[in-house]
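Report on the structure given below.
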Amino acid sequence: KNQVEQSPQSLIILEGKNCTLQCNYTVSPFSNLRWYKQDTGRGPVSLTIMTFSENTKSNGRYTATLDADTKQSSLHITASQLSDSASYICVVSGPSDNAGNNRKLIWGLGTSLAVNP
Amino acid sequence: EAGVTQFPSHSVIEKGQTVTLRCDPISGHDNLYWYRRVMGKEIKFLLHFVKESKQDESGMPNNRFLAERTGGTYSTLKVQPAELEDSGVYFCASSQQQGPRFYEQFFGPGTRLTVL
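Protein sequences appear in the order of chains A and B.
Quick note: the first sequence uses my numbering, first residue 1, plus one each step.
Quick note: the second sequence uses my numbering, first residue 1001, plus one each step.
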């Protein structure tokens, strides 16, 4: 069973609308939680990175929240644009080693978002 | 600043053949990671270099996979001999060893490998 579960699997919204994507994880202990955007044929691009002590972080129209107690995170997209069509992946990083290196990133399957005009 | 580059972008080979994937990290990034996404599954970690040393190779599926990073610059991932289940997209990422964004990994576009 994957340690990072995302919902919904796919989502279609109209341009200009808001949406919220969910992520539940069982990775423990963890160092940080990341949301990535992956366009078709491209590599993942980081949107937000939050440590366990952070509750929310914004990057433009993207706002991520984290509840470390319930092990849940969400990504809220405001005023969606056609260019927001992509896969959004929740990723949890395990604890750093003594050198401060973040090792294995544990990935969710992603939510495929389509923004229609 | 140039991003992470990978070559080739696509590779189609027959079962039993050998393929070598290349990754050029962002200049100055000591950390280099390889990941793989098999169709329908999540992206999974393969291994991690710090400069030329393998820090963690626990995700490598078997001994048909060999990763190198001679000189601590670019890295290669060789699959020999390739099997059908090796098909997928192989991503490379790099990050700084220190600095304000040392934990952020920057990804290349991936190499799509198809084994027939």
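Backbone N, C-alpha and C define an ideal beta-carbon position, used for all residues, glycine too.
Please read all numbers here as calculations on a predicted model, not as lab measurements.
Since residue i meets chain A, which of its residues come closer than 7 Å, beta carbon to beta carbon?
{"i": "PRO1008/B", "result": "Those do not exist, as PRO1008/B stays about 14 Å from chain A at its closest Cβ, beyond 7 Å."}
{"i": "PHE1045/B", "result": "LYS104 and LEU105"}
Starting from residue i, find everything on chain B with Cβ-Cβ shorter than 8 Å and list it in chain order.
{"i": "ILE49/A", "result": "TYR1103 and GLU1104"}
{"i": "ASN32/A", "result": "TYR1103"}
{"i": "GLY108/A", "result": "GLU1042"}
How is the beta strand (DSSP E) around residue i delimited, first residue to last?
{"i": "LEU1032/B", "result": "1031-1037"}
{"i": "SER53/A", "result": "It is not in any beta strand (DSSP E) - SER53/A carries neither H nor E in the DSSP assignment."}
{"i": "THR111/A", "result": "111-116"}
{"i": "GLN1006/B", "result": "1005-1007"}
{"i": "THR70/A", "result": "THR70/A -> no beta strand (DSSP E), and no H or E assigned at all."}
{"i": "TYR88/A", "result": "86-93"}
With burial defined as no fewer than 16 other Cβ atoms inside 10 Å of the residue's Cβ, what is the status of residue i: buried or exposed?
{"i": "VAL115/A", "result": "buried"}
{"i": "ARG61/A", "result": "exposed"}
{"i": "PRO1008/B", "result": "exposed"}
{"i": "LYS17/A", "result": "exposed"}
{"i": "ASN1062/B", "result": "exposed"}
{"i": "LEU14/A", "result": "exposed"}
{"i": "ARG1101/B", "result": "exposed"}
For residue i, list the residues DSSP reports as bridge partners.
{"i": "GLN81/A", "result": "DSSP lists no partner for GLN81/A."}
{"i": "THR1114/B", "result": "VAL1012/B"}
{"i": "LEU66/A", "result": "SER73/A"}
Who are the neighbours of residue i on chain B, taking C-beta pairs under 7 Å?
{"i": "LEU113/A", "result": "Within chain B, no residue comes near LEU113/A; the closest Cβ sits about 17 Å away, beyond 7 Å."}
Chain A partners of residue i, CB-CB under 8 Å?
{"i": "PRO1109/B", "result": "GLY41, ARG42 and GLY43"}
Name the chain B residues that come within less than 9 Å of residue i, Cβ to Cβ?
{"i": "SER46/A", "result": "GLU1104, GLN1105, PHE1106 and PHE1107"}
{"i": "LEU66/A", "result": "Ordered by position in chain B, no residue passes the 9 Å Cβ test against LEU66/A, which lies about 16 Å from the chain."}
### Query
Curious, which full-length beta strand (DSSP E) runs of at least 3 residues does the stretch 1014-1093 of chain B contain?
1019-1024, 1031-1037, 1043-1050, 1053-1056, 1065-1068 and 1075-1079
### Query
Which ranges would you report for the beta strand (DSSP E) in the stretch 5-41 of chain A if only whole runs of at least 3 residues count?
DSSP runs (the beta strand (DSSP E)) wholly in the stretch 5-41 of chain A: 10-14, 19-25 and 32-38.
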